[in-house]
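Some notes on the structure that comes next.
There are 2 protein chains.
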Amino acid sequence: MDRRQRKTREAIFRSFTELLSHKEFHQITVGEIIEGADVGRATCYAHFETKDFLLKEFCEELFCHIFDTENHEGHGHRHIFDCSGCDSVFLHLFQHLQKNDNNILALLSSQNNELFLRYFRSNLESLVKSHLHLFNSQKSARIPERFWENHIISTFVETLKWWIDNGMVESPEVITDYFLAVVR
Amino acid sequence: MDRRQRKTREAIFRSFTELLSHKEFHQITVGEIIEGADVGRATCYAHFETKDFLLKEFCEELFCHIFDTENHEGHGHRHIFDCSGCDSVFLHLFQHLQKNDNNILALLSSQNNELFLRYFRSNLESLVKSHLHLFNSQKSARIPERFWENHIISTFVETLKWWIDNGMVESPEVITDYFLAVVR
DNA sequence: TTTGTTACGGAACATATTGTTCGATAATAT
DNA sequence: ATATTATCGAACAATATGTTCCGTAACAAA
Chain A
331 MDRRQRKTRE AIFRSFTELL SHKEFHQITV GEIIEGADVG RATCYAHFET KDFLLKEFCE
391 ELFCHIFDTE NHEGHGHRHI FDCSGCDSVF LHLFQHLQKN DNNILALLSS QNNELFLRYF
451 RSNLESLVKS HLHLFNSQKS ARIPERFWEN HIISTFVETL KWWIDNGMVE SPEVITDYFL
511 AVVR
Chain B
331 MDRRQRKTRE AIFRSFTELL SHKEFHQITV GEIIEGADVG RATCYAHFET KDFLLKEFCE
391 ELFCHIFDTE NHEGHGHRHI FDCSGCDSVF LHLFQHLQKN DNNILALLSS QNNELFLRYF
451 RSNLESLVKS HLHLFNSQKS ARIPERFWEN HIISTFVETL KWWIDNGMVE SPEVITDYFL
511 AVVR
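Okay, structure coming up:
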């Protein structure tokens, strides 16, 4: 990719991130984005067909980073599934989120738009589905598997939101404990 | 209230409901609302300061009806809390929702906007808080009460969404059973 | 270095939407 | 019958989205 293109794209994403930490998506105008990014209006629309596509690509880059199934930055080539078979998959997720790369927590907090949670949730789905066996218990026998899956995913998302909205005073270990306490 | 005012207000809400079953809030324009309601633009803005206030009052009327703490229509003066002390509070809620008054289910479904769920959730909060004792168990001792409250509310909302999105094939009794199975 | 290609900037533009204003008219209340 | 109030319709300002065009600058390949 052309260096100019790359710089423009990054500048737009950077400006977008900054704006998102102060106001929500629908209150942000394209004018503000390009002003913060210091790029022309036509340039912005050459990169992103519409404002909604900008959001879409932004989320894809962001969550692909967290749910990356290849390797995990900072841990060399440590895979997020390394500890599969034990409960620490979700602990790793909470720990990673606590680092707050790209100010992702502001995007996931309740006061911000639900759009991000929708993207986050869809990424979380495959993760939960592949680890559903960890949660089997006597009560999962009384309900359909699809309902059970949905419950685990929802509970994780809601736990995360609760954690963020309450200032993240608990450690990742404690919040994982809360999460596991209620889902089984 | 003036008969003209009442008719206008109802016409606007009726048109709004119709539009909401096809598209989400942010895609609906005031022009479409007043066209469907067959009222003038100035009239609409005489009733509702902005589009957001329209939504707000619409939700308040809608959810006030369901969470009414005075009496419950259709059951004479049967109070929603009549059966407090047993689990049927939530069964009643599921049963009432199944009747789908004012097409409320379309508004709460996943494809529709999250705005309604936010209003619904805030109404649900007081209900859950006053019945929290029904859910006390050994696991609720391991976590903060605020987290526990939030979990019950979230699980109810997510159960409802799952029910709607999967076609509501289960009876209110069964879905209540699923709900109770996962929260305790 | 030269040449052809591609991205960029800036401004103007069309289009759509929100919310306001105003005067004429019709429904309502007393 | 009269005064009040809601409504209509149309025009209006303000703002946002997305498009178009052209001159300029950065890039890649010879």
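These protein sequence lines are chains A and B, in that order.
The first sequence lines up with residues 331 to 514 when you count with my numbering.
The second sequence lines up with residues 331 to 514 when you count with my numbering.
Yeah, the Cβ is synthetic: ideal placement off N, Cα and C, and Gly gets one too.
Query	Result
Within-7 Å CB hit, residue 482 of chain B to chain A	no
Minimum Cβ-Cβ distance from residue 508 of chain B to chain A less than 7 Å	yes
Rounded straight-line distance, which links the Cα of residue 375 of chain A to that of residue 410 of chain B	Only weak support is given to the placement of residue 410 of chain B: the predicted model assigns it a pLDDT of 47, under 50, and the value that follows is read from those uncertain coordinates. Between residue 410 of chain B and residue 375 of chain A, the C-alpha separation is close to 53 Å.
Whether residue 315 of chain A touches residue 473 of chain A by CB criterion (7 Å)	Outside the shown range of chain A (331 to 514) lies residue 315 of chain A, about which nothing can therefore be said.
Cβ-based neighbour list, residue 498 of chain A, same chain, cut-off 6 Å, excluding 5 preceding and 5 following	none
Nearest-angstrom Cα separation, counted from residue 451 of chain B out to residue 296 of chain A	A question about residue 296 of chain A goes unanswered here, because the residues of chain A that appear run from 331 up to 514.
Inter-stretch contact (C-beta, 8 Å, three-pair minimum) for the region 478 to 497 of chain A and the region 433 to 452 of chain A	yes
CB contact below 7 Å: residue 511 of chain A versus chain B	yes
Residue 473 of chain A, DSSP secondary structure in three states	coil
Chain B contact residues for residue 494 of chain A, given Cβ-Cβ distances below 9 Å	Those do not exist, as residue 494 of chain A stays about 12 Å from chain B at its closest Cβ, beyond 9 Å.
Neighbouring residues, chain A, relative to residue 356 of chain B (Cβ below 9 Å)	356
Cβ neighbour criterion (16 or more within 10 Å) applied to residue 504 of chain A	exposed
Limits of the alpha helix (DSSP H) - the one that residue 361 of chain A falls within	360 to 367
Given 8 Å, three or more beta-carbon pairs between the region 363 to 375 of chain B and the region 341 to 354 of chain B	yes
Any chain A beta carbon closer than 7 Å to residue 444 of chain B	yes
Under 8 Å from the C-beta of residue 469 of chain B: neighbouring residues of chain A	511 and 512
Burial state of residue 388 of chain A, where buried means 16 or more other Cβ atoms lie within 10 Å	buried
Where residue 400 of chain B sits in the DSSP three-state scheme	Residue confidence is low: residue 400 of chain B scores 38 on pLDDT, short of 50, so the model does not pin down where it sits. Its coordinate-derived value is still stated next. Residue state, collapsed to three classes: coil.
Buried versus exposed call for residue 359 of chain B [16 or more other C-beta atoms within 10 Å across all chains shown]	exposed
Pick from A:462, A:433, A:438 and A:397 that is closest to residue 423 of chain A, judged by C-alpha positions	A:397
With 16 other Cβ atoms within 10 Å as the buried cut-off, status of residue 383 of chain B	exposed
Euclidean distance between Cα positions of residue 354 of chain A and residue 443 of chain B	15 Å
For residue 509 of chain B and residue 466 of chain B, the rounded distance between their alpha carbons	15 Å
Nearest to residue 350 of chain A (by Cα), restricted to the options A:485, A:334, A:439 and A:471	A:439
Which listed residue (A:479, A:469 and A:506) has its alpha carbon closest to that of residue 418 of chain A	A:506
Residue span of the alpha helix (DSSP H) that contains residue 462 of chain B, given as start and end	Taken as a continuous stretch (DSSP letters only), residue 462 of chain B belongs to no alpha helix (DSSP H), as it is neither H nor E.
Spatially closest choice to residue 432 of chain B from B:348, B:332 and B:335, by CA coordinates	B:348
Contacts of residue 485 of chain A in chain B (Cβ-Cβ under 9 Å)	481, 484, 485, 488 and 512
Coarse secondary structure for residue 441 of chain A, derived from DSSP in three states	coil
Under 7 Å from the C-beta of residue 477 of chain B: neighbouring residues of chain A	492 and 508
Min CB distance residue 473 of chain A to chain B below 7 Å	yes
DSSP-derived helix/strand/coil call for residue 513 of chain A	helix
Alpha carbon of residue 372 of chain A to alpha carbon of residue 361 of chain A, nearest angstrom	11 Å
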